[in-house]
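Trainee: Protein chains in written order, with our numbering: chain P, 21 to 349; chain F, 21 to 349; chain Z, 21 to 349; chain R, 21 to 349.
Right, I'll just put the structure down here and ask away after.
4 protein chains.
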Amino acid sequence: MPGSSFGNALRLTTFGESHGPAMGAVIDGMPAGLAVDVGRLAAELERRRPGRLDACTSRDEADDAEILSGVFEGRTLGTPIAVIVRNRDQRPADYDSMIHQFRPGHADETTLLKHGFRDHRGGGRASGRETVARVIGGYFAGLLLPGVEVVAQIDTLGPFRSSREGELGIYGLRGCDSIKVAAYLETLKDSADSIGAELSCRIQNPPAGLGEPVFDKLKSDFGRALLSIGAVTAYGYGLGAGFASASGKDVTAERGNFGGIEGGISNGQSIHLQCTVRAPSTVGDKAKQGRHDPCIAPRVIPVIEAMVKLVLADHLLRQRALASFQGAP
Amino acid sequence: MPGSSFGNALRLTTFGESHGPAMGAVIDGMPAGLAVDVGRLAAELERRRPGRLDACTSRDEADDAEILSGVFEGRTLGTPIAVIVRNRDQRPADYDSMIHQFRPGHADETTLLKHGFRDHRGGGRASGRETVARVIGGYFAGLLLPGVEVVAQIDTLGPFRSSREGELGIYGLRGCDSIKVAAYLETLKDSADSIGAELSCRIQNPPAGLGEPVFDKLKSDFGRALLSIGAVTAYGYGLGAGFASASGKDVTAERGNFGGIEGGISNGQSIHLQCTVRAPSTVGDKAKQGRHDPCIAPRVIPVIEAMVKLVLADHLLRQRALASFQGAP
Amino acid sequence: MPGSSFGNALRLTTFGESHGPAMGAVIDGMPAGLAVDVGRLAAELERRRPGRLDACTSRDEADDAEILSGVFEGRTLGTPIAVIVRNRDQRPADYDSMIHQFRPGHADETTLLKHGFRDHRGGGRASGRETVARVIGGYFAGLLLPGVEVVAQIDTLGPFRSSREGELGIYGLRGCDSIKVAAYLETLKDSADSIGAELSCRIQNPPAGLGEPVFDKLKSDFGRALLSIGAVTAYGYGLGAGFASASGKDVTAERGNFGGIEGGISNGQSIHLQCTVRAPSTVGDKAKQGRHDPCIAPRVIPVIEAMVKLVLADHLLRQRALASFQGAP
Amino acid sequence: MPGSSFGNALRLTTFGESHGPAMGAVIDGMPAGLAVDVGRLAAELERRRPGRLDACTSRDEADDAEILSGVFEGRTLGTPIAVIVRNRDQRPADYDSMIHQFRPGHADETTLLKHGFRDHRGGGRASGRETVARVIGGYFAGLLLPGVEVVAQIDTLGPFRSSREGELGIYGLRGCDSIKVAAYLETLKDSADSIGAELSCRIQNPPAGLGEPVFDKLKSDFGRALLSIGAVTAYGYGLGAGFASASGKDVTAERGNFGGIEGGISNGQSIHLQCTVRAPSTVGDKAKQGRHDPCIAPRVIPVIEAMVKLVLADHLLRQRALASFQGAP
């Protein structure tokens, strides 16, 4: 009933407030014997770090992951894996003025409505900092997915549009000039404003047969996973919202329109997901007081990939159990 | 781990294949003593019936609900409520040709990929018929939501657009001429084609404080609920995909942009959700052999409302448990 | 949160009140393609039937199982399997006097405490009739356990003690004279009294590696399973309560003392479980009005076997998922 | 599907191997605003400490709890509470000889059977050290149970029997001479042997109406909770195993025989539970190499109380949700 766990066969439980001592993740259900590469885990966390991008928040979070359990001599033990990241550089004074300020679109007021009590120093669990734990979970989920490639990118950000071809730039846009993007974000920040974006995620070589109708379809579990990220406001797969105006004859002419998922089950082809993130709520004077991103999209990329991997690994374990009985008498 | 149950505190479990003996729903977790109106339940099922709309599938499903448990002398017992609806008029011969035909976008092939075995007579669990059980579940969920109004409608269907004002027509469009809509659907059916649509759902007077961050946010549970409906391909709340191009200053200027959900928790204001349904996959010669809808949207309306009520009732029970401790020492 | 479902990977959901229209079971998570033998299912239900034993309750329940979903052409579809058994011969008049009578040890009063409303006609969900659904679930769980033998028996009943050797008699005692047991039960019934019993269950050829520490140990899941049966008041495995007075040197001298479970995980050896059932609460004048068993033990045997199979099948699916990754890089 | 979480509405997730960096607990689902007393938490952990009793294991575990999340200014936030306890004094060299030694009754061999890989340095998750996290969970569960008193004691230990009256001694026996108990345990330790025990737990002033039939009955959830403790091999409630030979007339003569639970639901009277713990497996030469308890019972007392509180608090939240609708139209 509580909401801090995700997944069935592979279950991520997260904890930590942005201004508390530490963020953490517990990953339960991992098979034993899988090789853990702490350098790769650190690299994933580095991709999520705010300080990485000039125009983004300058909080210098070190994000050193400490593995507390579940790994022995570089391999998973089959026991729950717990990893924590200490919160540093908290500067609570920055947030003193927020005690009675409720940011629209933010959890400030609704947390109080819900619990009658809250940590006024910041977003608490609603902070983007919470996604550290998701990235940790996604790293371990990825150990179950060798050969599966999960790559998210920004499709649109303000005036920028990813081209079909081209390298992924540091801001996660394909074929766009990073210097121009940086300048755009800098201008936004200077004007204490912010902007939304569209992102997509492509999964190459996914296992076929994943998804448990009728409620745990792969498309709906991906949706739940991405929509559980604070800033995500819309989601689609395949043609997504584009299906609204497409005729059945057009749609069925090409299987790729279904984005690798038919009847809620993966068909083995590439899976294509999209989502929208909204502009951060902290604007105007408040944006100048704290340290805030003018656009969340670049930091969300590794979080999307992590959530997608968690869904895939969970469903892979579920399907493996069923498949082990295929051909039984 | 299996996928036929939905909800935590209020849990709907469904069963039934479209060409098997019966469809069914088990609703567990209902409080006792709530008045059950079988006439109202029948009316909800009637709204979902295909035969109701001229241009839609002409299968004459009687959909008489039989309550097998959980209700005594017109009131809920607090025990699991089981309701079944027999499948009639199955005409399996219609489907004999489908044994080796896999409809694109449909579960035909992926079910075989997943299970190595399937019922070739029809969609099985992937059939729209499965939604009968959801409507039953939604009726009972609604008993926990007196005063909460959940109304879905079609926003766009082919060339038609709901106006802001006006009555909801029989096709679920607001302020559109039903005769023209019927004619459009008839033409589609004659040409063995089909079309997608956009729908929205407005919840008036929702309880505040619903939603369990970080993974069971209200926005993500609504998303999962709607995306678990076979035809739904995209989902959004508040401005939805429109958030992509909106600036933070514009977005935060009006709280209503967030569609009644902030930080994943309801704020007590009206909640606004949107989704896209794709065109049915059965087109061309196959559409002429069986009996199929050219557009699924009108039938999906009560299903959307049912899923929304299930999410609300589930989260209301969860929040009630927490709220009962507010003010504790 | 509600309590009518059992199991994780293989999940049984049951419904039905003893005096309502039907009892039912939904089994979700079954792999596809397994052969279903309806004759064998009927035989399992027959073993549980009260009318079978002279001295036991004479309610003539036909217990014809109707499969509503999940089976096609004699094989499982991988979709939820729903089975119902209609309640016949309900004679509610027998129970009119019970409206204000609360039987000690029974759910009569606590159901009212819990729900503020109850079906006064009988035990509702607390009736032994509820176990019909468990036997159905156990039959399907058994399909995942070819070669595994699950046999329960009565160890003690009143003055009777099963011998080590000998056939299982119709009352479930090994090497006891059925005529003498019948006479004993008849005498009890005549005096409107009832008696408890001890039972045990032996699992031959269980899979090794089942059990998920630290909370879903095999020993604790068996315990929960058996203790969820209405009449069961105590449970043990291996030496069970006999461990209290045994020294470590004695205990570890023979691995068999641990009953096939070490560290909460099956070691592949035979598993040995025990439980106690209490005397039925309906005694004195009330026992003469209705039709009641003087000892529940004979009818509980197939229920114990069913619950044990459900636990084994659930844990087998869970372990299969993990094992599929053994040897991965 | 994984086994490291316990509870539905209040969910404890634990992690940590005995020879890894830390043990930890995450408690999710706690209402907000409850006062946290870190001194009381420390006192609970102290009761579980091995070093406390002369005759018990002399590992000097400091067990300083660090709260990482979920508590702010001395009150719960309604967010997941994470607490860790570092493992000190690990002396892995002591255990080097254990690489190829499988202790009977222990998880050594079955962990390898299950996972194909294990941490040979000690019990890993099967170690008694794992119970630190349970005691932490129990402390927080207790915050939801003001006025409810949960007291466990040893009923029998070797030649000792608790008397009905008298104080609880330091070994958890009532009315026994602690010096004599210490001498007995010392003798056992000197002979490298160990012994089992019987314990009981009494709950005064429990809330009525707790328990969710038919599978989550209070009696079966208590059973699962206690049996999930490594050393527990048998469990009963009320008369427990004594029900086997009791007649219905005798049993129903006094409501207290049912131990406060009727029909699987608490009736508001005192609840009475019993369980058996087996002798520790480490005996003979191995017992002399490491540092081991000759009897686990004294250390299990706070663990039993913790598990009982977790079950009560979980069911209280579940019942509160239902009860909030009593009297609804």
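Think of the CB as a built atom: it goes at the ideal place given N, C-alpha and C, for glycine as much as any other residue.
Excluding the five sequence neighbours on either side, which residues of its own chain have a C-beta within less than 6 angstroms of the C-beta of TYR204/R, listed in chain order?
Mentor: Answer for TYR204/R: GLY178, listed in chain order.
Trainee: With distances taken Cα to Cα, identify the nearest neighbour of LEU259/R among HIS292/R, GLY162/R, ALA333/R.
Mentor: HIS292/R
Trainee: Buried or exposed: which applies to GLN121/R, given that a residue is buried once 16 or more other Cβ atoms fall within 10 Å of its Cβ?
Mentor: Counting C-beta atoms within 10 angstroms of its own C-beta, GLN121/R has fewer than 16 neighbours from the protein chains shown and is therefore classed as exposed.
Trainee: Examine chain F for any beta-carbon lying closer than 8 angstroms to the beta-carbon of GLY23/R, and answer yes or no.
Mentor: no
Trainee: The beta strand (DSSP E) spanning PHE35/F covers which residue range?
Mentor: 31 to 35
Trainee: So with Cβ pairs under 8 angstroms, would you call ILE281/P a contact of chain R?
Mentor: no
Trainee: Could you please give me the residues that DSSP links to LEU163/R through a beta bridge?
Mentor: Bridge partners of LEU163/R: none, in fact.
Trainee: For ALA127/P versus ILE285/F, is the C-beta distance shorter than 8 angstroms?
Mentor: Contact check for ALA127/P against ILE285/F passes: the beta carbons are separated by less than 8 angstroms.
Trainee: Run through the stretch 215 to 249 of chain P for me and flag every whole alpha helix (DSSP H) of 4 or more residues, listed as ranges in chain order.
Mentor: 238 to 247
Trainee: What did DSSP end up calling TYR204/F once you bin it into helix, strand or coil?
Mentor: helix
Trainee: Just the Cα atoms here: how many angstroms apart are SER183/Z and LYS134/R?
Mentor: 35 angstroms
Trainee: For the beta strand (DSSP E) holding LEU88/R, just list the boundary residues, first then last.
Mentor: 85 to 89
Trainee: First and last residue of the beta strand (DSSP E) that includes GLU7/R?
Mentor: Since the displayed chain R opens at 21 and closes at 349, residue 7/R lies outside it and no answer follows.
Trainee: Just the Cα atoms here: how many angstroms apart are ARG145/Z and PHE92/F?
Mentor: 13 angstroms
Trainee: Select from HIS335/P, VAL252/P, GLY59/P, ALA266/P the residue whose C-alpha is nearest the C-alpha of GLY125/P.
Mentor: VAL252/P
Trainee: Mind pulling the chain Z residues with CB within less than 9 angstroms of GLY167/F?
Mentor: Near GLY167/F there are no residues of chain Z at all, since even the closest Cβ is about 21 angstroms away, more than 9 angstroms.
Trainee: Please report the distance separating the alpha-carbon of ASP270/R from that of GLY262/R.
Mentor: Rounded to the nearest angstrom, the two C-alpha atoms are 12 angstroms apart.
Trainee: For GLY157/P and ALA85/P, which I take to be in contact (beta-carbon distance under 8 angstroms), what is that distance rounded to the nearest angstrom?
Mentor: That belief does not hold up - the Cβ atoms of GLY157/P and ALA85/P are roughly 12 angstroms apart, past 8 angstroms.
Trainee: Counting only runs of 4+ residues fully inside the stretch 130 to 154 of chain F, write out the alpha helix (DSSP H) ranges in chain order.
Mentor: none
Trainee: Suppose the cutoff is 7 angstroms on Cβ atoms and the five residues either side in sequence are ignored; what does the same chain contact list for GLY243/R look like?
Mentor: TYR255
Trainee: Between which two residues does the beta strand (DSSP E) containing LEU54/R stretch?
Mentor: It is not in any beta strand (DSSP E) - LEU54/R carries neither H nor E in the DSSP assignment.
Trainee: Nearest by alpha-carbon distance to SER214/Z: which of ARG138/Z, ILE174/Z, ASP236/Z, ALA299/Z is it?
Mentor: ALA299/Z
Trainee: Using CA coordinates, which residue listed in VAL168/P, LEU230/P, HIS335/P, LEU219/P is at the minimum distance from ARG181/P?
Mentor: LEU219/P
Trainee: Using the Cα positions of LEU230/P and GLY94/F, report the straight-line distance between them to the nearest angstrom.
Mentor: Between the alpha carbons of LEU230/P and GLY94/F lies a distance of about 42 angstroms.
Trainee: May I have the straight-line CA-CA distance separating ALA75/P from LEU246/P, to the nearest angstrom?
Mentor: In this prediction, ALA75/P has a pLDDT of 49, which is less than 50 and means its spatial position is unreliable; what the coordinates show is noted afterwards. ALA75/P and LEU246/P: Cα-Cα distance of roughly 24 angstroms.
Trainee: Over what stretch of residues does the beta strand (DSSP E) that includes ILE101/F continue unbroken?
Mentor: In this chain, the beta strand (DSSP E) harbouring ILE101/F covers 101 to 106.
Trainee: Does the beta-carbon of LYS308/P have 16 or more other beta-carbons within 10 angstroms, so that it is buried, or is it exposed?
Mentor: Exposed, because fewer than 16 other Cβ atoms sit within 10 Å of the Cβ of LYS308/P.
Trainee: Report back the beta-carbon spacing between ARG149/R and MET21/R to the nearest angstrom; my notes put them in contact at under 8 angstroms.
Mentor: With 8 angstroms as the limit, ARG149/R and MET21/R do not qualify as a contact, their Cβ atoms being about 25 angstroms apart.
Trainee: Determine the closest residue to GLY67/P out of ASP83/P, GLU187/P, CYS221/P, ASN107/P, with distance taken between C-alpha atoms.
Mentor: Sequence check: residue 67/P is Arg here, not Gly. If we check each option's Cα against that of ARG67/P, ASP83/P comes out closest.
Trainee: Under 8 angstroms, do PRO362/P and GLU64/P count as touching if we go by C-beta distance?
Mentor: With chain P covering only 21 through 349, there is no way to say anything about residue 362/P.
Trainee: Suppose contacts are defined by Cβ-Cβ distances below 8 angstroms. Is ALA264/P in contact with ALA217/F by that definition?
Mentor: yes
Trainee: Please report the straight-line C-alpha distance between ILE47/F and LEU61/F, rounded to a whole angstrom.
Mentor: Approximately 14 angstroms between the Cα atoms of the pair.
Trainee: With a threshold of 8 angstroms between beta-carbons, can PHE8/R be considered close to chain Z, or not?
Mentor: Any question about residue 8/R goes unanswered here, given that chain R covers just 21 to 349.
Trainee: In chain order, what residues of the same chain lie with their CB nearer than 8 angstroms to the CB of THR176/R, ignoring the 5 residues before and after it?
Mentor: Listed in chain order, the non-local C-beta contacts of THR176/R below 8 angstroms within the same chain comprise SER182, ALA217, GLU218, local neighbours out to five positions each way being set aside.
Trainee: What's the gap between the Cα of ILE316/P and the Cα of SER301/P?
Mentor: 11 angstroms
Trainee: Output yes or no for whether 8 angstroms exceeds the beta carbon distance between ALA333/R and ALA161/R.
Mentor: yes
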